[in-house]
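First up is the structure itself, then whatever we jot down about it.
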Amino acid sequence: MGIIELCMLAFGLAMDACAVSMTNGMCYSHIRKGWTVAIGACFGIMQGVMPLLGYFLGTFFADVISAFDHYIALILLGFIGGKMLWEALHPDEEEEAGDGRLTVKLLLLQGVATSIDAMAVGVSFAALPDIRIVPAVALICGVTWVLSCLGVVLGKRFGKLLNNKAQILGGLILIGIGVKIFAEHMWFS
Numbered sequence: 009m010g011i012i013e014l015c016m017l018a019f020g021l022a023m024d025a026c027a028v029s030m031t032n033g034m035c036y037s038h039i040r041k042g043w044t045v046a047i048g049a050c051f052g053i054m055q056g057v058m059p060l061l062g063y064f065l066g067t068f069f070a071d072v073i074s075a076f077d078h079y080i081a082l083i084l085l086g087f088i089g090g091k092m093l094w095e096a097l098h099p100d101e102e103e104e105a106g107d108g109r110l111t112v113k114l115l116l117l118q119g120v121a122t123s124i125d126a127m128a129v130g131v132s133f134a135a136l137p138d139i140r141i142v143p144a145v146a147l148i149c150g151v152t153w154v155l156s157c158l159g160v161v162l163g164k165r166f167g168k169l170l171n172n173k174a175q176i177l178g179g180l181i182l183i184g185i186g187v188k189i190f191a192e193h194m195w196f197s
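My numbering runs 8 ahead of the 1-based position in the sequence shown.
Structure below.
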């Protein structure tokens, strides 16, 4: 796999993480520079660890991954997006339940949900004789980190414009990403 193909793959894998990062920026006003870096790092590391894991598990695990990865992504992103919609439409109940802040637990769930497909990419890497896995994973991590940080910054700007509608839009975006992943695996792969 050449560098151009690898760059295209890295950008493709980073798109879901970038969209979720933008949603986080829109919906969670407390996010500051440290959180922006942490969000980028979480998504970057997850997007790098999953192909590495897939690579080492090789083709043995390919059938298992492809059999259920889209269900996991749909359930996780649907749950997170649905929770955001609920909190946006029931603000009084949200205040009683919590402060509507992005937590480490939620961020890790988002990281897993957006990187499951990357494990399947790692399995395909195992079948390539000329792949250099460490530089490939480093590129995927770096691209995802940069795009995720950029997504948070852009999301914060759009969130200020959208005010209270940002959380509704964010929830719909997350549900949409889950449905997209599911549809791609069910009907377009």
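Positions of the beta carbon are idealized from the N, C-alpha and C atoms, including for glycine.
Here the structure is a predicted model, which is why all the values come from computation and not from measurement.
Original post:
Of all the options R40, V187, S132, which has the alpha carbon lying nearest to the alpha carbon of R165?
Top reply: R40
Original post:
Exposed or buried, what is W195 when buried is set at 16 or more other beta-carbons lying within 10 Å of its beta-carbon?
Top reply: Counting every other CB atom within 10 Å of its CB across the protein chains shown gives W195 a total below 16, marking it as exposed.
**OP:** On a CA-only basis, which of V160, V131, M30 is nearest G42? Give me that one, please.
**Re:** V160
Subject >> Between the CA atoms of A49 and E102 - distance to the nearest angstrom >> reply: Note that E102 scores a pLDDT of 46, beneath 50, so its modelled location is shaky and nothing firm can be said.
Original post:
DSSP on D218, reduced to helix/strand/coil?
Top reply: Past the edges of the chain, shown from 9 to 197, lies residue 218, and the structure says nothing about it.
**OP:** Assign H38 to one of two classes, buried (16 or more other C-beta atoms within 10 Å of its C-beta) or exposed (fewer than that).
**Re:** exposed
Original post:
Would a C-beta distance cut-off of 8 angstroms place P59 and I148 closer than the cut-off?
Top reply: yes
Subject >> Cutoff 7 angstroms; reference L170; Cβ partners in own chain excluding five residues on either side >> reply: So the list reads M34, L177, once near-sequence residues are dropped.
**OP:** Please work out which residues of its chain come closer than 6 angstroms, Cβ to Cβ, to F51, disregarding the five sequence neighbours upstream and downstream, and give them in chain order.
**Re:** For F51, where only same-chain residues beyond five positions count, the Cβ hits under 6 angstroms are A25, G119, T152, S156.
Subject >> Per-residue DSSP class, three states only, for Y79 >> reply: helix
Subject >> Contact under 8 angstroms by Cβ, G186 with A81 >> reply: yes
Original post:
Is the beta carbon of M9 less than 8 angstroms from the beta carbon of L61?
Top reply: no
Subject >> Residues near E104 in its chain [Cβ-Cβ closer than 6 angstroms; skip 5 each side] >> reply: Unreliable placement is indicated for E104, whose pLDDT of 43 sits below 50; no coordinate value is reported for it.
Original post:
Is A135 helix, strand or coil when you go by DSSP?
Top reply: coil
Subject >> Pairwise C-alpha distance: L182 and F76 >> reply: 19 angstroms
Subject >> Cα-Cα separation between I11 and A144, rounded to whole angstroms >> reply: 9 angstroms
Original post:
So which of E192, G179, H193, I189 has the shortest CA-CA distance to G89?
Top reply: G179
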